[in-house]
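Written out below as structure tokens is the structure these notes cover.
Protein chains in written order, with this note's numbering: chain D, 1 to 352; chain U, 1001 to 1209.
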């Protein structure tokens, strides 16, 4: 096998691989076809796809719909690890940093599970090793006798500084919500630092991070609408570093009329995809529809950027996100069918 | 009360009359209490029906929302969010009195929470988790309210049952038996009086002869 080292060739190679992988993802028509299938048909179809290996591996530990869900998650984790393995140089660094959000999710799940006295087996079921922390490390964390010992294992990792600062307050209050928000804020701050550190391709990485931050902040604004929460209470849920400052977000979150809210948001956001998506939010919609349309706008815009910059971080990020949503959609189809939700209802929650 | 055990004396008659009066007064009061309790019961029954319907509706909604949360976030995401719950809802149990029946009064705290108080972060989760949590908080409130109403209803029913038994015992056993004993004593006393009169007449006739 020939190995490509040095020059722009590795970038071209990995970006092409990403485009090929993206083209293999399920198209919209396939989801619409699956909406009319029964649960056994959907399960069989998933088994016939690239998830077969994981289903076979996990069949001895899980069954039914749980097996499908675990297999989808494991496939996602393996796929992300495989992408990290083939991505070269700075792209690998960016990709690895981008995937650290899974570390936050896993670490918090382990800490919370241990604090709640959950068994190691139960915690293991909920962990998805798609980030920089591998299965062995996460298993060792789970096997530790207390949450504090698990936290100590994180000492050399970027997220330790926040955990060290917030952990005791979280244990005292019994709520890890603030710690979780702080970890994500720090995660985005670290991504921005990395993107602006002068590395090649940093600008493109920064653009996608800022788009992600804007989308998340706007989703949170819509999510908190109608809740009797003061601006002060929400100070730790906003992510700085993109189109809005924390103070602006606090102020915007208190706007009551939808038109005024959309106008204020439109004035600040730069991405045309987001502007279009915001226009569509002028009429009151259920929050999941708002979240869905914003997610679709984000994916469409990233897709367009990846076509404009074919040998950059964009193709990788687009694939990572689209793969994540493929797994989410398949899981939604299976779970929705199992819960006997009508097809139209399930369709509302699919990101297609 | 067997009639052979009754002493046909005047003092016993007076005592019996007193007991009959007391029993009749008790009977009237208990009957009024029973009727009052039945009225209260029907009021509570209406509330209980409404609460039951509401509970069933909220249960269905909670089931639907958890199914949607499972659909969107997967069992993995829902379990991870469930691990965040640290603050357990508290209930305070007091009691109040309805016509002598002690019924519970349940007050709950920390059931309803805002998304920022639930223990999970807003940045890493989606709104379906909020909606599922909202639905289950609603359901829990309904369960607590329903527990109060249904326990009250059960206690009232028990009390109506026992009051009814007492009313029936007084109406069909105690008062008739006492009345019978009173009549028996009256009859015996009248008979004894007639015997005494007859004896006196006999003695008088013998003395005159």
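Using N, Cα and C, we set each Cβ at its ideal position, and we do this for glycine too. This one's a predicted model, so the numbers in the text were calculated from it and none came from an experiment.
| Query | Result |
| --- | --- |
| Note down the Cα distance separating residue 155 of chain D from residue 9 of chain D, rounded to an integer number of angstroms. | 37 Å |
| Using the Cα positions of residue 349 of chain D and residue 1073 of chain U, report the straight-line distance between them to the nearest angstrom. | 10 Å |
| Pick from D:317, D:124 and D:103: whose alpha carbon is nearest that of residue 131 of chain D? | D:103 |
| Would residue 1088 of chain U be called buried (16 or more neighbouring beta carbons within 10 Å of its own) or exposed? | exposed |
| Taking only three categories from DSSP, how would you classify residue 364 of chain D? | No information on residue 364 of chain D is available, as it lies outside the stretch 1 to 352 that chain D covers here. |
| Quick one: what's got a C-beta closer than 7 Å to residue 51 of chain D's C-beta in the same chain, skipping five residues either side? | 71, 72 and 75 |
| Any chance you could list the alpha helix (DSSP H) runs of at least 4 consecutive residues sitting entirely within the stretch 250-298 of chain D, in chain order? | 258-268 and 272-279 |
| Buried or exposed for residue 216 of chain D, going by 16 or more other Cβ atoms inside 10 Å? | buried |
| Under 7 Å, CB to CB, which of the residues in the stretch 198-223 of chain D have a partner in chain U? | 216, 220 and 223 |
| Using the three-state DSSP reduction, which class does residue 344 of chain D fall into: helix, strand or coil? | helix |
| According to DSSP, residue 1097 of chain U sits in a beta bridge with which residue or residues? | U:1102 |
| Tell me, please, which residues DSSP counts as bridged to residue 1091 of chain U. | U:1108 |
| Does the beta-carbon distance from residue 1104 of chain U to residue 1152 of chain U come in below 8 Å? | yes |
| Examine chain U for any beta-carbon lying closer than 8 Å to the beta-carbon of residue 61 of chain D, and answer yes or no. | no |
| Got a sec: is the Cβ-Cβ distance from residue 175 of chain D to anything in chain U below 8 Å? | yes |
| Given 8 Å as the limit, is there contact between the stretch 236-252 of chain D and the stretch 324-340 of chain D, that is, 3 or more CB pairs closer than that? | no |
| Determine contact between the stretch 1034-1043 of chain U and the stretch 1146-1162 of chain U, defined as no fewer than three beta-carbon pairs at a distance below 8 Å. | yes |
| Taking buried to mean at least 16 other C-beta atoms within 10 Å of its own C-beta, is residue 270 of chain D buried or exposed? | exposed |
| Once the 5 residues before and after residue 220 of chain D are set aside, which same chain residues still bring their CB inside 6 Å of it? | 237 |
| Since residue 126 of chain D and residue 1132 of chain U are thought to touch, with beta carbons under 8 Å apart, how far apart are those beta carbons, to the nearest angstrom? | Residue 126 of chain D to residue 1132 of chain U, Cβ: 16 Å. No contact. |
| Can you list, in chain order, the residues of its chain whose CB lies under 7 Å from that of residue 308 of chain D, leaving out five sequence neighbours each side? | none |
| Between which two residues does the alpha helix (DSSP H) holding residue 1113 of chain U run? | It is not in any alpha helix (DSSP H) - residue 1113 of chain U carries neither H nor E in the DSSP assignment. |
| If you run the structure through DSSP and keep just helix, strand and coil, what is residue 234 of chain D? | helix |
| Since residue 1079 of chain U meets chain D, which of its residues come closer than 7 Å, beta carbon to beta carbon? | 126 |
| In the stretch 318-341 of chain D, which residues sit with their C-beta less than 7 Å from some C-beta in chain U, listed in chain order? | 331, 332, 335, 336, 339 and 341 |
| From the beta carbon of residue 131 of chain D, is the nearest beta carbon of chain U less than 8 Å away? | no |
| How about residue 1084 of chain U and residue 1119 of chain U: do their beta carbons lie closer than 8 Å? | yes |
| Answer yes or no: do residue 42 of chain D and residue 334 of chain D have a C-beta to C-beta separation smaller than 8 Å? | yes |
| Can you tell me whether residue 1172 of chain U is helix, strand or coil according to DSSP? | helix |
| If we call anything under 8 Å between Cβ atoms a contact, is residue 185 of chain D one with residue 166 of chain D? | no |
| Would you grab the beta carbon distance between residue 314 of chain D and residue 208 of chain D for me? Rounded to a whole angstrom, and I think it's under 8 Å. | 7 Å |
| Threshold first: 4 residues or longer. Then list the alpha helix (DSSP H) segments lying entirely within the stretch 57-99 of chain D, N to C. | 64-86 and 89-98 |
| Would the stretch 89-96 of chain D and the stretch 190-210 of chain D be scored as touching if the rule is three or more Cβ pairs under 8 Å? | yes |
| Counting only beta-carbon separations shorter than 8 Å, does residue 17 of chain D have a partner in chain U? | no |
| Along the stretch 1118-1129 of chain U, where does the CB come closer than 8 Å to a CB of chain D? Name the residues. | 1118, 1119, 1120, 1121, 1122, 1123, 1124, 1126, 1127 and 1128 |
| Please confirm if residue 1083 of chain U has its CB atom under 8 Å from at least one CB of chain D. | yes |
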